[in-house]
């Protein structure tokens, strides 16, 4: 019976993974019809629930309250999902001002369904961040009226603010261009959501009980002799050219004028910033560097604004494509002048794109180069036309930044936190790893004094942690929000989590120190090379929610812990005598890692229900997060799956399991796409 359960469990994981790739090629509607909403898929989950309950009953699991409550919570969550699937109604409704509507369109059938009341739009408006054009919220003011008893209610519907009326929930979805109409999502799920939320509550309580139960496995692992001894550190014993030189008499503003520009406050990217921020972004976009040819960013941008007719002859537009440079007849340099893409009033890139863009299939290197260069040319055009940024109005409608905030942003701009930190962490990581390895190979028995010497690396670790925390805190202070809204910021937070965990665990598990350096270093290197939206911008309206920080924080802490088990797995495969000790350490980390992952997933589900009207949409990111959770749940069942008692198999599984984390974060972002894509 157990073998059938595990085979069914693995089969569902494989189906979930395959469904995301089928969705990529066939579309969301196809996988929803033929996989996620199919009778076979629903029956598969139902059979898994029934067999799990039967086995739990036979083994008298109710005697172990935390474990039984944990498994029962998953049953309740699945039952809630089934109830939602069978009884809920989802759709949309279109409102125009002063026109009552008594029907909504169901999502799957596209048929009109009657409401037990009427809904009328009184007004719709967009709220903006003070003084800028970035929307902070979309608001529909409506009147709900029940004809039978004359009940009437006025309410506001906006992002993260829903209207709940007679069991129907309405969510702000979109609006008409004339701003006299509003589109609302409709969800009627009187039973399923309540049952599912009960399951979430049971899951949270059971996870806490598992962690703090004195007779539980986690408590036993914390006090295991192999993890309490200082001998754990025996682990390692076993194991510029001047580009403007050719430009004569180029007009450049003075350094004093450039320095005075840096603190002038402007509106850029829907945010009030010092001019220095715009200048750095402009120069970095064009050249790939913060400065160019010994000129500061302010000197370049200020000079271009003041002397545009001269600067269009300056080679400053970085182009990596040799083919594009050859077509533009530019030799012996990787930089274009603005005039190189212009032939009188004819824009040469547009004509080439009209030809290249007609080619089907994967974009060629030339197509990508044309698009990248076109973006840079457009940036110059916006600067010349005065649309790239705006000076603060003099009527006081926009509140300027405080002097402290200006200086904080200038400091953040001047210090390349990510670049310095990834170089430092990788250097310290390789040095600490090599130092520990060489020292212990020379003297296999580690004394207490030697053990203390190995902790010498905690000081460089603390330096990295404090430096990164300062950069992260500056970004938080400048942006006025927790930096967790895009790929760049989540990678920064992940690196911070790794450093914190490495420092907290440094005394009990000394080998974590080089792990912490290497993991944080590579994480920062990926974010630095990928340049995943490093600009600080206002949050989208739907992201202005306390659920955002809680959801993303839990997920990133989980990824950090799972990354430690991955590195631990590499060492475990090549270590003989210490493989069991490493397995115990990984098992210890798995408890908080998987529990944080589960909490993050279900916090995200609650947030989705608050914002979009449904707690689960089978988005690729959601599906792969569920796959990751299910894959890492298997090692907890070593009593039934005896293979997880063998250290070598356990460590190999940890290596392969981490591929699901990489797929969830990077694969979905850059390949599968979806609502959660940061790419």
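Residue numbers (this note's numbering): 14 to 692. Every residue gets a Cβ at the ideal spot worked out from N, C-alpha and C, and that includes glycine. None of the values given here were measured: they were computed from a predicted structure.
Considering just the uninterrupted stretch of the alpha helix (DSSP H) at residue i, what are its terminal residues?
i           : result
residue 510 : 500-517
residue 57  : 52-71
residue 491 : 471-492
residue 150 : No alpha helix (DSSP H) contains residue 150, which is instead part of the beta strand (DSSP E) from 148-158.
residue 34  : 15-39
residue 419 : 416-427
residue 647 : No alpha helix (DSSP H) contains residue 647, which DSSP labels as neither H nor E.
residue 271 : 268-275
Per DSSP, what kind of secondary structure is residue i in: helix, strand or coil?
i           : result
residue 103 : strand
residue 190 : coil
residue 457 : Summary for residue 457: the model assigns pLDDT 48, below 50, so the residue's position carries little reliability; its value from the coordinates is reported in the next sentence. The answer is coil: DSSP assigns residue 457 none of H, G, I, E or B.
residue 339 : helix
residue 252 : The predicted position of residue 252 is uncertain, since its pLDDT is 33 and thus under 50; no value can be drawn from it.
residue 669 : helix
residue 306 : coil
residue 356 : strand
residue 263 : coil
residue 327 : coil
residue 114 : strand
residue 119 : strand
residue 660 : helix
residue 163 : coil
residue 293 : helix
residue 229 : coil
residue 247 : Reliability fails at residue 247, whose pLDDT of 34 lies under 50, so the model's placement of it is uncertain and the value that follows must be treated cautiously. The answer is helix: DSSP assigns residue 247 an H, G or I state.
residue 633 : helix
What span of residues does the beta strand (DSSP E) with residue i cover, start to end?
i           : result
residue 133 : 125-141
residue 347 : Careful: residue 347 lies outside any beta strand (DSSP E) and carries neither H nor E.
residue 398 : Not the beta strand (DSSP E): residue 398 falls in the alpha helix (DSSP H), residues 378-398.
Could you work out which residue in the options is closest to residue i when comparing CA atoms only?
i           : options            : result
residue 509 : 474, 667, 409      : 474
residue 33  : 650, 644, 631      : 631
residue 602 : 233, 628, 563, 407 : 233
residue 620 : 564, 583, 119      : 564
residue 629 : 49, 31, 597        : 49
residue 307 : 265, 322, 275, 345 : 265
residue 21  : 65, 40, 46, 609    : 65
residue 404 : 30, 276, 529       : 276
residue 531 : 660, 579, 484, 330 : 579
residue 609 : 227, 294, 218      : 218
residue 490 : 133, 421, 111      : 421
residue 216 : 614, 650, 647      : 614
residue 624 : 111, 177, 23       : 177
residue 417 : 287, 321, 566, 379 : 287
residue 426 : 274, 487, 382      : 487
residue 1   : 195, 322, 83, 424  : Not covered by the structure: residue 1. The range shown for the chain is 14 to 692.
residue 77  : 226, 105, 482      : 226
residue 685 : 205, 17, 637, 55   : 637
residue 272 : 312, 303, 305, 291 : 312
residue 428 : 303, 332, 361, 400 : 303
residue 125 : 114, 336, 100      : 114
residue 634 : 681, 663, 660, 596 : 681
residue 591 : 529, 659, 329      : 659
Give the DSSP bridge partners of residue i, in chain order.
i           : result
residue 181 : 178, 201
residue 169 : 154
residue 109 : 194
residue 281 : 284
residue 674 : In DSSP, residue 674 forms no bridge with anything.
residue 77  : Its beta-bridge partners do not exist; DSSP assigns none.
residue 403 : 280
Give a single yes or no on whether residue i has its beta carbon closer than 8 Å to a heavy atom of the ligand GTP.
i           : result
residue 474 : Ligands in the displayed structure: none, and consequently the ligand GTP is not present.
Cβ contact check for the region 569-579 and the region 496-516: 3 or more pairs under 8 Å: Yes, the region 569-579 touches the region 496-516.
Contact the region 398-417 vs the region 272-288: 3+ CB pairs below 8 Å: Judged by Cβ distances under 8 Å, the region 398-417 makes contact with the region 272-288, as three or more pairs qualify.
Contact between the region 78-93 and the region 201-210 (3+ Cβ pairs under 8 Å): Verdict: yes, contact present.
Inter-stretch contact at 8 Å, needing at least 3 Cβ pairs: the region 340-348 / the region 393-401: Result no; under three Cβ-Cβ pairs closer than 8 Å.
contact_flag[the region 149-166, the region 67-75] where n(CB pairs < 8 Å) is 3 or more: In short, these stretches do not touch, since the Cβ pair count stays below three.
Validate contact between the region 526-538 and the region 419-439 using beta carbons, cut 8 Å, 3 pairs: With a cut-off of 8 Å, the region 419-439 and the region 526-538 count as touching, because enough Cβ pairs lie within range.
At least 3 beta-carbon pairs within less than 8 Å: the region 212-219 vs the region 188-203: Flag = no, the region 212-219 and the region 188-203 do not touch.
Cβ pair count under 8 Å reaching 3, the region 348-355 against the region 377-390: Yes, the region 348-355 is in contact with the region 377-390.
Contact the region 184-193 vs the region 50-62: 3+ CB pairs below 8 Å: No, the region 184-193 does not touch the region 50-62.
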